[in-house]
Amino acid sequence: SQKLLVLGVPVDLQDDYGGLAKRRVSDRQGAHIVTLNAEMAIQAQQDPKLAQLITNAELVIPDGAGIVLYGRARGKEIQRCPGIELAEELIQAAIEHQWRVFLIGGAPDVIEAVLQNWQAKFAGDGKELPIAGYHHGYFDAEQEQLICAQIKQTQPDLILVGLGVPRQEFWIQSQRRLCPNATWIGVGGSFDIWSG
Ligand code: UDP
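So the sequence shown is numbered by the numbering used here: it starts at 989 and just counts up by one.
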């Protein structure tokens, strides 16, 4: 697809990021979706490993207004796609299609509240959000091993990781092989917002 280079990292130029992301999940071909904002692009400029990771991601979405302004200043047609909205669209589709979801990140009470809010807000008509597993984001090495084993065992369709940038992206990169057919997406501080 057409790309926009922002400080050396490529952003995908598409008109339906939600549709693309949903197709990724249903195809079960495996993907790392990065939602890029200006802060992250600047971090990537100073961190070649992060830049490489973003370059290798299957889908890079313009999350921030700064990215959109940058693109438009270069004559590109580019629509902003807030990561939090994309993730919500995926969660609604997960309920509709019964995709199994795994959540990692946020404080212990936060992640519990997110699950309750989503069930109340999106589920209904006999349809619940299929949760393959979840864990808060303040795990030690031993808990991390358990989380990884659970991901490997349950093979979810969609994995949301909210550990902050860039840690969540490196975590996804190093754990992807445990569940290569899932779509993995870093959601930053979104669990905090969904918990409220
Ligand atoms: N977080 C976590 N484990 C950690 C550190 C942070 O789960 O060890 C979570 C934190 O609770 C918050 C998110 O990661 O939900 C980071 O949010 P922030 O807004 O700082 O990140 P950004 O969106 O800037 O990446």
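All C-beta atoms in this analysis are idealised placements derived from N, C-alpha and C, irrespective of residue type, glycine included. Keep in mind it's a predicted model, so treat the numbers as computed, not measured.
| request: Since I believe A1009 is in contact with L1103 (beta carbons under 8 Å), could you give me their beta-carbon distance rounded to a whole number of angstroms? | output: In the sequence shown, counting from the first residue as 1, residue 1103 sits at position 115. In the sequence shown, counting from the first residue as 1, residue 1009 sits at position 21. In fact, because the Cβ distance is near 21 Å, the residues do not count as touching under 8 Å.
| query | Taking the alpha-carbon positions, what's the P1168 to F1110 distance? | reply | Here the question's residue 1168 lines up with position 180 in the sequence shown. Here the question's residue 1110 lines up with position 122 in the sequence shown. C-alpha separation (whole angstroms): 27 Å.
| message | For a test of the three-state rule: what should DSSP assign to T1085, helix, strand or coil? | response | If you number the sequence shown from 1, residue 1085 lands on position 97. For the record, residue 1085 in the displayed sequence is His; it is not Thr. Correct three-state label for H1085: helix.
| message | Can you tell me where the alpha helix (DSSP H) holding A1019 begins and where it ends? | response | Here residue 1019 corresponds to residue number 31 of the sequence shown, with the count starting at 1. Under the DSSP assignment, A1019 falls outside any alpha helix (DSSP H), being part of the beta strand (DSSP E) whose first and last residues are A1019 to L1024.
| field | Beta-carbon spacing of G1125, G1176 below 8 Å | value | Against the sequence shown, residue 1125 aligns to sequence position 137. Against the sequence shown, residue 1176 aligns to sequence position 188. Taking 8 Å as the Cβ cut-off, G1125 and G1176 do not qualify as a contacting pair.
| field | Given A1026 as reference, the closest of A1039, S1162 and H1020 once Cα atoms are compared | value | By 1-based counting over the sequence shown, the position of residue 1026 is 38. Closest by alpha carbon: A1039.
| field | For F1127, the nearest candidate out of Q1143, V1149, K1140 and Q1107 (CA to CA) | value | Taking the first residue of the sequence shown as position 1, residue 1127 is located at position 139. Cα-wise, what sits closest to F1127 is V1149.
| field | Given P1070 as reference, the closest of A1019, G1006 and I1135 once Cα atoms are compared | value | Within the sequence shown, residue 1070 is the residue found at index 82, counting from 1. Looking at the Cα atoms, G1006 is the closest of the given residues.
| query | Which residues mark the beginning and the end of the beta strand (DSSP E) in which Y1122 is found? | reply | Your numbering for residue 1122 matches position 134 in the sequence shown. It spans I1119 to H1123 - the beta strand (DSSP E) in which Y1122 sits, taken as one unbroken run.
| Alpha-carbon spacing of R1155 relative to Q1161, whole angstroms | As a position in the sequence shown, residue 1155 is number 167, starting the count at 1. As a position in the sequence shown, residue 1161 is number 173, starting the count at 1. So the two alpha carbons sit approximately 10 Å from each other.
| said: Residues around ligand 1, please: the condition is that the C-beta lies closer than 6 Å to some non-hydrogen atom of it. | reply: G1093, G1094, A1095, G1125, Y1126, G1150, L1151, G1152, V1153, G1176, G1177, F1179 and D1180
| Is D1180 helix, strand or coil by DSSP? | Taking the sequence shown and counting its residues from 1, one reaches residue 1180 at position 192. In the displayed model, D1180 falls within a helix according to three-state DSSP.
| field | Status (buried if at least 16 other CB within 10 Å, exposed otherwise) for Q1133 | value | Position 145 of the sequence shown, counted from the start, is the residue given in the question as residue 1133. Counting Cβ neighbours within 10 Å, Q1133 comes out exposed, since fewer than 16 surround it.
| field | Length-filtered (3 minimum) beta strand (DSSP E) runs lying within the segment 1025 to 1066 | value | 1047 to 1050
| message | Suppose contacts are defined by Cβ-Cβ distances below 8 Å. Is Y1058 in contact with V1153 by that definition? | response | Indexing the sequence shown from 1 puts residue 1058 at position 70. Indexing the sequence shown from 1 puts residue 1153 at position 165. No, these two residues do not count as a Cβ contact at 8 Å.
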